[in-house]
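Numbering (the working numbering), first residue to last: 2 to 551. Structure, as structure tokens:
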């Protein structure tokens, strides 16, 4: 393993100890015992089937595996009352001792764990900042390579070998399988995109229908402004759209890096981006976009649930599928306005009928895996345990919970959540109830994003997926699973941090009119070149080429 200097080790370990003592980290050592009792009392019976080649229980004598992961829930702080996880322990004879950290603290805490070489049996990777890459994680003996254990996870192996995309996304550039990825049963496409408040548009007298072109959007935003909407269009403090290339893709450019004819291109120094900036400058001048976008902490997240969005202050913005249509009122009751309506629409084009080449990448596997650390004394057993989560039986348990407790299967063959989930007496929304008490939510295993389809008062929120992907082929998207080597990452970060800072500062200046776009553009482009953008492009190209060769 990597050896740190004595001073660094002491600093990191002390920092970790201090962090573990505050509210960001919760030790749930009694989770399996407490919850197993709850599951037993529910009257469920242990399955005697042998799902997909896995014998249950996996071990005759119970063992305990420590698990480190992030966990956020408004109802509970640990998983001690989670009946689904207790049932998993009962079926397999493997108890889970959870060490949980909030998502806001997860990245920092993960880096501290890696630096101090404090490893748990199972660890859900939350970033690669301290690891470098999957290959580096194995080389530094943070986690084991799974390649020598294939016989212990036949179900997972079959899944990740079932398509070229999954094969690439679950292996490193050298071919190592360095952890168990969440595999999506139905590949998930555009889970988020542009939405506009259709109810506010109608109140404002807008009759143009769903906006398709840039000109349509200008008409809609003008109607919002004239009606008195504070922020007709919400954008991120950077002056961009953080999660996709909305609006700029109409001009043939994408956010950050993208692939065009097999070549990596950087979007923010292209002529098309200049046209985007000129449009945004005009819209800001005409008060069609949020006049306080640079200081307002909105527009950066698709979790558009704060008062700014739940009220009538914002007309259009990025949103995730589950908050579409009337869901804020009918499903979540986060607003009292019965007419509240978020309508999903595709990214705009310049001319009706144009096809875009950017958008949101279809997800086949989770970004980061659950790894088996080198401190794990039961690698073979752990592989078998995790493999169970990719069987039909394991899939049902971690996605829906226990039949008869958290769900039933109706005569129509569909899965229906129990009343405790859909009409929780405490008033909690169904997704948080499921995660708190019934499922091991999207941590690892076979996963479906359709699991709540029957829980929504308006299940047509899922139509957003098709709408957001309706006018793009996604051919230019840079693959999210392409990775850098440790050496590449150091070089890339050294150059790109300065570039990103410079671009962000100047985009805001251009939109506000503090700098003239036509007069300053050539100098802006040259400065990006001088800061080393070509080296960044070359590094991203090498990474892309390796990814395609996996």
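Glycine is no exception: its CB is placed at the ideal position from the N, C-alpha and C atoms. Keep in mind that this is a model prediction, so the values were computed, not measured.
Identify which residue in 406, 270 and 198 has its Cα closest to the Cα of residue 314.
Within the chain shown, residue 314 is the residue found at index 313, counting from 1. Checked all of 406, 270 and 198; the closest Cα to residue 314 is 198.
If we ignore side chains and look at the alpha-carbon of each, how far apart do residue 546 and residue 392 end up?
Numbered from 1 along the chain shown, position 545 holds the residue referred to as residue 546. Numbered from 1 along the chain shown, position 391 holds the residue referred to as residue 392. Between residue 546 and residue 392, the C-alpha separation is close to 33 Å.
Hey, could you find the ends of the beta strand (DSSP E) residue 233 is sitting in?
One-based indexing of the chain shown puts residue 233 at position 232. Residue 233 -> beta strand (DSSP E) spans 232-234.
According to DSSP, is residue 133 part of a helix, a strand, or is it coil?
Numbered from its first residue, the chain shown carries residue 133 at position 132. Note: residue 133 maps to coil in three-state DSSP.
Sort 181, 284, 206 and 272 by Cα distance to residue 1 and report the nearest one.
Because residue 1 is not part of the residues shown, which for the chain are 2 to 551, the question remains open.
Does the distance from the CB of residue 541 to the CB of residue 265 come in under 7 Å?
Looking up residue 541 in the chain shown gives position 540. Looking up residue 265 in the chain shown gives position 264. The answer is yes: Cβ separation under 7 Å.
DSSP three-state label for residue 280, please.
Against the chain shown, residue 280 aligns to sequence position 279. Residue state, collapsed to three classes: helix.
Please state if the CB of residue 494 and the CB of residue 320 are separated by a distance shorter than 7 Å.
In the chain shown, the residue the question calls residue 320 occupies position 319. In the chain shown, the residue the question calls residue 494 occupies position 493. No, they are not a contact pair.
For residue 499 and residue 532, what's the separation of their Cα atoms in angstroms?
Here residue 499 corresponds to residue number 498 of the chain shown, with the count starting at 1. Here residue 532 corresponds to residue number 531 of the chain shown, with the count starting at 1. Distance between the alpha carbons of residue 499 and residue 532: 7 Å.
Look at the alpha carbon of residue 239 and the alpha carbon of residue 170, and state the distance between them as a whole number of angstroms.
To locate residue 239, count along the chain shown from 1; it is residue 238. To locate residue 170, count along the chain shown from 1; it is residue 169. Cα to Cα, residue 239 sits roughly 30 Å from residue 170.
Indicate whether residue 366 and residue 182 have their beta-carbon atoms separated by less than 7 Å.
Taking the first residue of the chain shown as position 1, residue 366 is located at position 365. Taking the first residue of the chain shown as position 1, residue 182 is located at position 181. Here residue 366 is near residue 182, since their CB atoms are less than 7 Å apart.
Given a cut-off of 7 Å, decide if residue 252 and residue 276 are closer than it, judged by their beta-carbon atoms.
The residue given as residue 276 occupies position 275 in the chain shown. The residue given as residue 252 occupies position 251 in the chain shown. Closer than 7 Å, so yes.
In chain order, what residues of the same chain have a beta carbon less than 6 Å from the beta carbon of residue 475, not counting five sequence neighbours either side?
Within the chain shown, residue 475 is the residue found at index 474, counting from 1. So the qualifying residues of the chain are 360.
Taking the alpha helix (DSSP H) that residue 371 belongs to, which residues open and close that run?
The sequence position of residue 371 within the chain shown is 370, counting from 1. Per DSSP, residue 371 belongs to no alpha helix (DSSP H); it is in the beta strand (DSSP E), 371-373.
What is the DSSP secondary structure of residue 410, counted as helix, strand or coil?
The count along the chain shown starts at 1 and reaches residue 410 at position 409. Of the three classes helix, strand and coil, the one that applies to residue 410 here is strand, per DSSP.
When you compare only the Cα positions, how much space is there between residue 167 and residue 399?
Position 166 of the chain shown holds residue 167. Position 398 of the chain shown holds residue 399. The straight-line gap from Cα to Cα measures roughly 21 Å.
What would DSSP say about residue 193, mapped onto helix, strand or coil?
Numbered from its first residue, the chain shown carries residue 193 at position 192. Correct three-state label for residue 193: strand.
Exposed unless 16 or more other CB atoms sit within 10 angstroms - verdict on residue 351
Start at 1 with the first residue of the chain shown, and residue 351 comes out as number 350. Its Cβ having fewer than 16 others within 10 Å, residue 351 is exposed.
For residue 250, name the three-state secondary structure that DSSP assigns.
Along the chain shown, read from residue 1 onward, the residue named residue 250 stands at position 249. In the three-state scheme derived from DSSP, where H, G and I count as helix and E and B as strand, residue 250 is classed as helix.
Am I right that residue 289 and residue 234 are in contact with their C-beta atoms under 8 Å? What's the rounded C-beta distance?
Translated into the one-based positions of the chain shown, residue 289 becomes position 288. Translated into the one-based positions of the chain shown, residue 234 becomes position 233. Right, the Cβ-Cβ distance comes to about 6 Å (below 8 Å), so this counts as a contact.
Using the Cβ count rule (16 or more neighbours within 10 Å means buried), how would you classify residue 461?
Locating residue 461 in the chain shown gives position 460, counting from the first residue. The residue in question, residue 461, is exposed, as its Cβ has fewer than 16 Cβ neighbours within 10 Å.
Return the Cβ separation of residue 330 and residue 339 in integer angstroms, given the expectation that the two are a contact with Cβ distance under 8 Å.
Working through the chain shown from its first residue, we reach residue 330 at position 329. Working through the chain shown from its first residue, we reach residue 339 at position 338. That pair is a contact at about 6 Å.
Could you tell me the distance, in whole angstroms, from the CA atom of residue 458 to the CA atom of residue 328?
Walking along the chain shown from the start, residue 458 turns up at place 457. Walking along the chain shown from the start, residue 328 turns up at place 327. Straight across, the Cα-Cα distance linking residue 458 with residue 328 is about 7 Å.
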